[in-house]
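Asks: Following this message is one structure expressed as structure tokens.
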Amino acid sequence: MIRIAVLVSGGGTNLQALIDNCKSGFIQGKIVLVISSRPQAYALKRAEKENIHTKVIEKKHYGNEKEYSDAIQREIRAKKVDLICLAGFLVKLSPNIIKTYESRIMNIHPALLPSFGGKGMYGIKVHEEVLKRGQKYSGCSVHLVDEEYDHGPVILQKKVPVKKDDTPQILAERILKEEHKLYPQAVRMFALGKIKQISKRKS
Ligand code: GRF
-5 MIRIAVLVSG GGTNLQALID NCKSGFIQGK IVLVISSRPQ AYALKRAEKE NIHTKVIEKK
55 HYGNEKEYSD AIQREIRAKK VDLICLAGFL VKLSPNIIKT YESRIMNIHP ALLPSFGGKG
115 MYGIKVHEEV LKRGQKYSGC SVHLVDEEYD HGPVILQKKV PVKKDDTPQI LAERILKEEH
175 KLYPQAVRMF ALGKIKQISK RKS
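Take -5 as the starting number for the sequence shown in the working numbering and just add one per residue.
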């Protein structure tokens, strides 16, 4: 059983998918900690409902990125976490924590990386850009986190069609449904020890 921390900032539907798949046994793991960068994130309610330990850590209370990440790292270390899952977490982590947990931090991104990723590419902006560029397909990617935004090795991807009358919201919903399947699959792979080869792949 791996011990998982999930970092969130918003609604937490991906957190919910991870909770459900741990409970069903699809993921051989347990979510032992949920950290939110925002006190009002609905994701916190989802965690509390499942009696998962939660912690709000707001950026504004820390001098810089490193101090903020150190505070997160203290909580994670105290809970003896094996895997950190970023699920709609909107703050950049410092190189320090990324190094300490190398190949043990995952993120989900609502596009087919390396396209439509990087700084400022989050939330509805991603889907607006995909539609603006007339893409026929978009999708979602689960990847390991390195020091650049949306850049580390991809673990899994799912392609999703873009339809003629799509609005950014409609496309976001279609992709989100797939995210809820893809993220648990990637975490399951980690729990089964299948991620190491991916992180060692040379670019
Ligand atoms: C998802 O689209 C995810 O890909 C992105 O942020 C969104 C989070 O949604 N990183 P939720 O909070 O899991 O519902």
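By construction, the Cβ of each residue, glycine as well, lies at the ideal position given by its N, Cα and C atoms. Predicted model, so just to flag it, every value in this text is computed and none were measured.
(1) Near P108, which residues of its chain fall below 6 Å by C-beta distance, leaving aside the five closest residues on each side in sequence?
(2) Do you know offhand how far I118's Cα is from P162's?
(3) Would the region 139 to 146 count as touching the region 99 to 115 if we require 3 or more Cβ pairs under 8 Å?
(4) Less than 6 Å separating the Cβ of G4 from some heavy atom of ligand 1?
(5) In chain order, what residues of the same chain have a beta carbon less than 7 Å from the beta carbon of L150, not counting five sequence neighbours either side?
(6) Would you say E172 and V154 are within 7 Å of each other, going by their C-beta atoms?
(7) Identify whether M100 lies in helix, strand or coil by the three-state DSSP scheme.
(8) Helix or strand or just coil, what does DSSP make of T48?
(9) Considering only the beta carbon of each residue, do L9 and A81 sit closer than 7 Å?
(10) Is there at least one non-hydrogen atom of ligand 1 closer than 6 Å to the beta-carbon of N8?
(11) Distance check for L165 and G128, CA to CA, integer angstroms please.
(12) Where does the unbroken beta strand (DSSP E) through H137 begin, and where does it stop?
(13) Just list the residues that DSSP pairs G23 with in beta bridges.
(14) List the residues that DSSP assigns as beta-bridge partners of S30.
(15) Can you tell me whether H121 is buried or exposed, with buried defined as 16 or more other CB within 10 angstroms of its CB?
(16) Excluding sequence positions up to five away, which residues of its chain have a Cβ less than 6 Å from the Cβ of V28?
Replies: The short version:
(1) none
(2) When rounded, the distance between both Cα atoms is 6 Å.
(3) Because the criterion of three Cβ pairs below 8 Å is met, the region 139 to 146 and the region 99 to 115 touch.
(4) yes
(5) Listed in chain order, the non-local C-beta contacts of L150 below 7 Å within the same chain comprise V136, L176, Q179 and A180, local neighbours out to five positions each way being set aside.
(6) Contact: yes.
(7) Strand, per DSSP.
(8) Under the three-state reduction of DSSP output, T48 falls in the strand class.
(9) yes
(10) Set against 6 Å, the gap from the CB of N8 to the closest heavy atom of ligand 1 is smaller.
(11) 13 Å
(12) Y131 to L138
(13) In the DSSP output, where bridge partners are listed per residue, G23 has I(-4).
(14) Beta-bridge pairing links S30 to V2 and V50.
(15) buried
(16) V0, A41, I46 and T48
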